[in-house]
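Chemist: Residue numbers for the sequence shown, in the UniProt record's numbering: 1 to 96.
Just so you know, even glycine gets a beta-carbon here, dropped at the ideal spot from N, CA and C.
As the structure is a prediction and not an experimental result, all values here were calculated from the model.
Handing you this structure, nothing more for now.
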Amino acid sequence: MKVAITIAVVMLSICCSSASSDICPGFLQVLEALFMGSESNYEASLKPFNPSSDLQNSGIQLKKLVDTLPQETRTNIKKLTEKILTSPLCKQDLRV
């Protein structure tokens with residue numbers, strides 16, 4: 001569980017970095033599928049990005065880990081993601 005949450009936080013930090021002023025809508029769809037979709041839905045969301053088989057397999061392993069989280073936890077991670085992405089702080093450079 002710690003692994004999945006850590007990865008989610010890393011993904012959010014990438015979304016909110018100063019180098020990422022606009023968030024790729026496809027990336028948000030991948031996150032949605034990761035936390036709320038089926039495995040096949042997640043695989044389909046990755047397809048447009050043409051990941052290598054190693055990357056695809058790693059993503060599927062991550063999805064399987066995320067699917068072990070309780071539904072309420074996954075829903076709350078999604079809510080946290082939305083809260084962070086819509087926050088004015090997300091548009092600022094918060095690096096120390």
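Would you tell me roughly how many angstroms separate the C-alpha atoms of Lys78 and Glu72, rounded to the nearest one?
Modeler: Within the sequence shown, the letter at position 78 stands for residue 78. Within the sequence shown, the letter at position 72 stands for residue 72. Near 10 Å, if we compare the C-alpha coordinates of Glu72 and Lys78.
Chemist: Taking the Cβ atom as the reference point for each residue, do Ser52 and Ala33 lie within a distance shorter than 8 Å?
Modeler: The sequence position of residue 52 within the sequence shown is 52, counting from 1. The sequence position of residue 33 within the sequence shown is 33, counting from 1. No. Outside cutoff.
Chemist: Please name the residue, chosen from Cys90, Lys91, Glu82, Ser87, that lies closest to Leu28 on a Cα-to-Cα basis.
Modeler: As a working mapping, residue 28 is identified with position 28 in the sequence shown. When only C-alpha atoms are compared, the closest one is Glu82.
Chemist: Does DSSP classify Asp54 as helix, strand or coil?
Modeler: By 1-based counting over the sequence shown, the position of residue 54 is 54. Asp54: helix per DSSP, three-state reduction.
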